[in-house]
Amino acid sequence: MPEYDPAAYMKKLYLSDPLQDPLLRRVINSAGLPRASRGLDAGCGVGLQIPALAEAVGPQGHVTGLDILPQFIEEAGRNVSRWAVAGRVSLIQGDIYKPPFGDRELDWIWSASCACYAMRRPLELLSGLRRILKPGGLLLIVIWSGQQLLPGYPRLEAALNATAPGIAPFTAGDSPEHHFLRLAGWMRKAGFIEATAQPFTRGVCAPFDEPTRSALLTLIEMRWLEAEKELSRSERRLYQGITDPTSADFILDRSDYYGFYTYTLFRAEAPE
16 MPEYDPAAYM KKLYLSDPLQ DPLLRRVINS AGLPRASRGL DAGCGVGLQI PALAEAVGPQ
76 GHVTGLDILP QFIEEAGRNV SRWAVAGRVS LIQGDIYKPP FGDRELDWIW SASCACYAMR
136 RPLELLSGLR RILKPGGLLL IVIWSGQQLL PGYPRLEAAL NATAPGIAPF TAGDSPEHHF
196 LRLAGWMRKA GFIEATAQPF TRGVCAPFDE PTRSALLTLI EMRWLEAEKE LSRSERRLYQ
256 GITDPTSADF ILDRSDYYGF YTYTLFRAEA PE
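Here it is, written out as structure tokens:
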């Protein structure tokens with residue numbers, strides 16, 4: 016397994032953002048964040064959802080971004096300094112398992128593709144997040160939950176989905192109770208109420224402009240990163256051929272391309 020490269024991951028975040036941002040904004044707008052409220056983006060990365068969160072709570076609200084990697088917090092700081100919402104945003108390096116806030120301090124917590132990756136210690140994580148929420152405060156956890164991105168190649172896509180990267184953040188050998196799609200149940204066990212799950216889907220259809228094409232190729236690469244080593248030789252050749260922009264078989268060059276992907280929002284409230 017190669018060493019994790021934060022700079023390479025940042026690049027993928029930016030490349031995929033033309034497709035990610037509209038869908039995640041739709042999720043945020045559906046959440047009903049109270050105006051003038053104070054909340055946390057837990058695992059904020061480079062801060063790409065912070066503008067939408069800040070817009071949702073309005074000019075009297077405040078958003079704090081928290082991430083464990085200093086490289087991400089530094090990059091998020093550069094981004095925030097260029098945005099109109101900079102005056103109502105703060106950034107902190109820290110661990111979502113040990114959020115640096117007092118009891119009942121925040122109105123809401125948002126976490127996209129971060130908290131859902133901590134299902135091996137779900138009660139510890141969720142109990143810590145419940146501690147810092149005010150009574151009635153919202154917990155909003157979002158995760159990529161499904162896709163069809165290789166139309167015409169269902170067997171290949173099924174093989175990719177069966178690899179370790181394909182089932183992540185679930186891990187082979189984990190108990191069924193620790194699958195990330197059972198998060199609503201863990202929210203209830205941690206003392207939250209009104210726990211629900213709602214899917215949000217975005218379709219992508221050819222022809223593409225260059226930003227969309229690059230974003231879609233990046234999403235494919237991120238979805239099955241390192242999965243090739245678990246494929247058969249013929250599956251590997253096929254996958255490489257249809258995802259290589261220089262190949263005559265490159266799937267995103269097809270005029271009949273259509274794919275879709277889904278995020279699921281898990282929502283719960285802190286008890287009164």
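If you want my numbering, it's the 1-based position in the sequence shown plus 15. Ideal Cβ positions, reconstructed from N, Cα and C, are used throughout, including at glycine.
Whole-angstrom distance between residue j and residue i, CA atom to CA atom
{"i": "Val-157", "j": "Ser-128", "result": "6 Å"}
{"i": "Leu-231", "j": "Glu-287", "result": "43 Å"}
{"i": "Pro-33", "j": "Gln-213", "result": "22 Å"}
{"i": "Tyr-276", "j": "His-77", "result": "30 Å"}
{"i": "Leu-140", "j": "Leu-198", "result": "12 Å"}
{"i": "Phe-265", "j": "Glu-236", "result": "14 Å"}
{"i": "Leu-234", "j": "Gln-75", "result": "35 Å"}
{"i": "Ser-262", "j": "Tyr-254", "result": "11 Å"}
{"i": "Arg-41", "j": "Asp-259", "result": "31 Å"}
{"i": "Pro-17", "j": "Leu-240", "result": "For Pro-17, the predicted structure reports a pLDDT of 44, less than 50, and the residue's modelled location is therefore unreliable. A value from the coordinates is still provided. Between Pro-17 and Leu-240, the C-alpha separation is close to 11 Å."}
{"i": "Gly-188", "j": "Lys-244", "result": "20 Å"}
{"i": "Arg-217", "j": "Glu-225", "result": "18 Å"}
{"i": "Ser-270", "j": "Pro-222", "result": "6 Å"}
{"i": "Ala-210", "j": "Tyr-132", "result": "18 Å"}
{"i": "Pro-150", "j": "Val-219", "result": "40 Å"}
{"i": "Gly-200", "j": "Arg-145", "result": "15 Å"}
{"i": "Asp-268", "j": "Ile-257", "result": "9 Å"}
{"i": "Gly-102", "j": "Gly-92", "result": "12 Å"}
{"i": "Ser-126", "j": "Arg-252", "result": "36 Å"}
{"i": "Thr-227", "j": "Trp-159", "result": "18 Å"}
{"i": "Pro-191", "j": "Ser-142", "result": "21 Å"}
C-beta atoms of residue i and residue j nearer than 8 Å
{"i": "His-193", "j": "Arg-135", "result": "yes"}
{"i": "Ala-242", "j": "Leu-175", "result": "yes"}
{"i": "Val-95", "j": "Ile-124", "result": "no"}
{"i": "Ile-43", "j": "Leu-68", "result": "yes"}
{"i": "Gly-73", "j": "Arg-50", "result": "yes"}
{"i": "Ala-285", "j": "Leu-148", "result": "yes"}
{"i": "Gly-274", "j": "Pro-166", "result": "yes"}
{"i": "Leu-121", "j": "Gly-152", "result": "yes"}
{"i": "Leu-38", "j": "Tyr-278", "result": "yes"}
{"i": "Val-104", "j": "Glu-70", "result": "no"}
{"i": "Gly-293", "j": "Asp-82", "result": "No answer is possible for residue 293: the residues shown for the chain start at 16 and end at 287."}
{"i": "Pro-21", "j": "Gln-86", "result": "yes"}
{"i": "Arg-238", "j": "Leu-171", "result": "no"}
{"i": "Leu-28", "j": "Leu-84", "result": "no"}
{"i": "Ala-130", "j": "Ile-208", "result": "no"}
{"i": "Leu-48", "j": "Ser-229", "result": "no"}
{"i": "Leu-280", "j": "Phe-185", "result": "no"}
{"i": "Met-25", "j": "Glu-89", "result": "no"}
In DSSP terms, what residue i is bridged to
{"i": "Phe-275", "result": "Gln-163, Gly-218"}
{"i": "Glu-284", "result": "Leu-153, Ile-208"}
{"i": "Ser-105", "result": "Thr-79"}
{"i": "Trp-201", "result": "Answer by DSSP bridge pairing: none, since Trp-201 is not bridged."}
{"i": "Ser-126", "result": "Ile-156"}
{"i": "Leu-148", "result": "Leu-121"}
(Q) Which complete alpha helix (DSSP H) runs does the region 66 to 100 hold, if anything under 4 residues is left out? (A) Fully enclosed alpha helix (DSSP H) runs of 4 or longer: 85 to 97.
| said: Whether or not the region 114 to 121 and the region 172 to 188 are in contact is what I'm after, with contact meaning three or more pairs of Cβ atoms, one per stretch, closer than 8 Å; do they touch? | reply: Taking a contact to require three or more Cβ pairs closer than 8 Å, the region 172 to 188 and the region 114 to 121 do not qualify as touching.
**Asked** Does the region 200 to 208 come within contact of the region 244 to 254, defined as at least 3 CB pairs closer than 8 Å?
**Response** Remark: fewer than three beta-carbon pairs, one from each stretch, lie closer than 8 Å, so the region 200 to 208 and the region 244 to 254 are not flagged as touching.
- prompt: Looking at C-beta atoms only, is the number of pairs between the region 55 to 64 and the region 100 to 114 that lie closer than 8 Å three or more?
  reply: Because the criterion of three Cβ pairs below 8 Å is met, the region 55 to 64 and the region 100 to 114 touch.
| Complete runs of the alpha helix (DSSP H) confined to the region 223 to 272 [at least 4 residues] | Entirely contained in the region 223 to 272, the alpha helix (DSSP H) runs reaching 4 residues are, in chain order, 225 to 238, 248 to 257.
What runs of the beta strand (DSSP E), each 3 residues or longer, lie entirely inside the region 17 to 65?
Fully enclosed beta strand (DSSP E) runs of 3 or longer: 53 to 57.
### Query
At what residue ranges does the region 174 to 200 contain a whole run of the alpha helix (DSSP H), taking only runs of 4 or more?
Taking 4 residues as the minimum length, the alpha helix (DSSP H) runs contained wholly in the region 174 to 200 are 179 to 182, in order along the chain.
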